[in-house]
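Worksheet: one structure, shown below.
Numbering (my numbering), first residue to last: 100 to 412.
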């Protein structure tokens, strides 16, 4: 970490110069693959500049300052002198000495190098940072994450983006009234065996009887992840547990316009840490997307674009 304000400002200047160069190249490129790569790099650069701005504004000069600790950070060979001991696999496995660690606040995880492909990046906003912090803290405590809020606020995409940054395969399941206990059990078995993340979209659309029944299975999985248990038994079937697995749910409000939603039982609620996903900053998101696509006057265009779509509703 840069330990002086001058170094941080120099870093910010370098990031701005590189970002402008990449944006100019993006505007002139004709390859779809190259364009997607540059767009992702530009969005990452913009996020890096925003982090440096936060460090400068808050006068952060130490790696122990909270404004730095709350960022999603990557370390190579970090676990040899790690200040954290929350992940059993990192602490006990001597073969992990050259692995990449991911830290956020006091949570630490291993990067699992799951191939993600050249997929578009999610635009970082204060809302996604809050979501990441809540989800990583939930996993540190052996719980699941529960982003909730209206449709179109980025609940599922935030889980997918965090999984991608941690090298995890994220499997999204759209829940409805037709899914029964046996179907959910098969899904759980597959998730814990392959070390993937399962994101259950609109989880409260499941039948109330199914919600009550699967709460015990979810607790068994979470207890195994928390304690490092190598095997579990689900409905009479013994299966191995990959410690990199994770369970997440997203909920839409129980209100007019969202029919068929059930209230979660209390014993199921306590297994997932909630995070409220409010209305996203459309101006900021539009500006970042336009800039990553090569538009130099993205700030002005984004406001006009958002106004047009707002009036068209």
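Positions of the beta carbon are idealized from the N, C-alpha and C atoms, including for glycine.
Would you check if the distance between the CB atom of residue i and the CB atom of residue j is smaller than 9 Å?
i, j, result
"residue 334", "residue 281", "yes"
"residue 349", "residue 265", "no"
"residue 380", "residue 234", "no"
"residue 135", "residue 217", "yes"
"residue 347", "residue 288", "no"
"residue 261", "residue 214", "no"
"residue 203", "residue 156", "no"
"residue 361", "residue 305", "yes"
"residue 150", "residue 173", "no"
Cutting at 7 Å between CB atoms, please list the residues of its own chain near residue i, excluding the five before and the five after it.
i, result
"residue 384", "222 and 224"
"residue 300", "255, 271, 272, 273, 274 and 349"
"residue 153", "166"
"residue 363", "303 and 310"
"residue 182", "Here the model assigns residue 182 a pLDDT of 45, short of 50, so the residue's position is not dependable, and the following value carries that caveat. Once the five neighbours on either side are set aside, residue 182 has no close Cβ partner at all."
"residue 402", "382"
"residue 279", "309"
"residue 191", "Unreliable placement is indicated for residue 191, whose pLDDT of 45 sits below 50; the coordinate value is still reported in the next sentence. Closer than 7 Å at the Cβ level, and outside the excluded window around residue 191, lies no residue."
Given residue i, which residues of its chain have a CB within under 6 Å of its CB, disregarding the five upstream and five downstream residues?
i, result
"residue 344", "290, 291 and 294"
"residue 241", "321, 324 and 325"
"residue 297", "270, 290 and 346"
"residue 336", "none"
"residue 159", "166 and 167"
"residue 398", "386"
"residue 365", "none"
Just confirm the distance between the C-beta atoms of residue i and residue j, as a whole number of angstroms; I'd bet it's less than 8 Å.
i, j, result
"residue 219", "residue 138", "7 Å"
"residue 389", "residue 400", "6 Å"
"residue 413", "residue 175", "Nothing can be reported for residue 413: it is not among the residues displayed for the chain, which extend from 100 to 412."
"residue 283", "residue 313", "5 Å"
From the DSSP secondary-structure annotation, give me the bridge partner or partners of residue i.
i, result
"residue 247", "350 and 375"
"residue 330", "339"
"residue 207", "202"
"residue 273", "300"
"residue 345", "296"
"residue 220", "None, per the DSSP bridge assignment."
"residue 174", "200"
For residue i, tell me which candidate among the options has the shortest Cα-Cα distance.
i, options, result
"residue 408", "377, 394, 372 and 382", "382"
"residue 340", "130, 199 and 317", "317"
"residue 375", "392, 328, 248 and 173", "248"
"residue 276", "330, 308, 285 and 263", "308"
"residue 148", "387, 404, 403 and 164", "387"
"residue 338", "208, 205, 286 and 253", "286"
"residue 251", "378, 412 and 199", "378"
"residue 239", "228, 263, 253 and 205", "205"
"residue 229", "198, 207, 208 and 171", "171"
"residue 253", "207, 351 and 198", "351"
"residue 342", "207, 164 and 146", "207"
Give me, in chain order, the residues of the same chain whose beta-carbon lies closer than 8 Å to that of residue i; leave out the 5 immediate sequence neighbours on both sides.
i, result
"residue 243", "237, 317, 321, 345, 346, 347, 348, 370, 371 and 372"
"residue 328", "322 and 340"
"residue 130", "none"
Could you tell me whether any non-hydrogen atom of the ligand GDP is closer than 8 Å to the CB of residue i?
i, result
"residue 324", "The ligand GDP is not among the ligands present in this structure, which contains no ligands whatsoever."
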